[in-house]
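Chemist:
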Amino acid sequence: MHHFFTVILITVFFLALPATKAYVAREPLNTDDGYCNSCTYGRIPLGESDYNDERCERYDCNEDVLIILGCGVVATDDPNCSIERGEGRYPDCCNTVVCD
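Using mature numbering (1 follows the signal peptide of the UniProt record, and there is no 0), the letters of the sequence shown map in sequence onto residues -22 to -1, 1 to 78.
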């Protein structure tokens, strides 16, 4: 449970940074069975990746750690611009600023 809160704190920290293009969080895990078994992100084979298209995140299972990659915060003050979600899997699904 301690590791879950560490991941959340790291994620919140990176989401709060202005002009951030992406965030990366690490969840230390025991991968002795050949899997990253996370109560939050599921079961991912060691050396492989999985995606959450709804959250636009990628999860990379490495030895003893799960790496979580996600989109950063995108903003604009320009009235001729809008924020649009991309298509596809991370990082293509991240929001971008589109201007007229």
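All residues carry an ideal CB built from backbone N, CA and C; glycine is no exception.
Cα separation between P69 and Y37?
Modeler: The residue given as residue 69 occupies position 91 in the sequence shown. The residue given as residue 37 occupies position 59 in the sequence shown. Cα-Cα distance, rounded: 12 Å.
Chemist: Kindly examine the ligand SAM and report whether one of its heavy atoms sits closer than 7 Å to the Cβ of N30.
Modeler: The ligand content of the structure shown is nil, which means the ligand SAM is not present either.
Chemist: Buried or exposed: G66, going by 16 or more other Cβ atoms within 10 Å of its Cβ?
Modeler: For the purposes of this step, residue 66 is taken as the residue at position 88 of the sequence shown. Its Cβ having fewer than 16 others within 10 Å, G66 is exposed.
Chemist: Thinking C-beta only, is S16 closer than 8 Å to L47?
Modeler: By 1-based counting over the sequence shown, the position of residue 47 is 69. By 1-based counting over the sequence shown, the position of residue 16 is 38. No. Outside cutoff.
Chemist: Nearest-angstrom Cα distance between L24 and P57?
Modeler: Counted from its first residue, the sequence shown places residue 24 at position 46. Counted from its first residue, the sequence shown places residue 57 at position 79. Their backbone Cα atoms lie some 46 Å apart in a straight line.
Chemist: Drop a sphere of 10 angstroms on the beta-carbon of A3, count the other beta-carbons inside from all chains shown, and report buried for 16 or more, exposed for fewer.
Modeler: By 1-based counting over the sequence shown, the position of residue 3 is 25. A3 comes out buried.
Chemist: How about E26 and C34: are their beta carbons less than 8 Å apart?
Modeler: By 1-based counting over the sequence shown, the position of residue 26 is 48. By 1-based counting over the sequence shown, the position of residue 34 is 56. Not in contact: E26 and C34 (Cβ atoms no closer than 8 Å).
Chemist: Kindly list the residues whose CB is nearer than 7 Å to the CB of D31, restricted to its own chain and excluding five residues on each side of it in sequence; keep chain order.
Modeler: Taking the first residue of the sequence shown as position 1, residue 31 is located at position 53. Counting only Cβ-Cβ distances below 7 Å, and skipping sequence neighbours, we find R67, C71.
Chemist: Near D78, which residues of its chain fall below 6 Å by C-beta distance, leaving aside the five closest residues on each side in sequence?
Modeler: Your numbering for residue 78 matches position 100 in the sequence shown. Closer than 6 Å at the Cβ level, and outside the excluded window around D78, lie N58.
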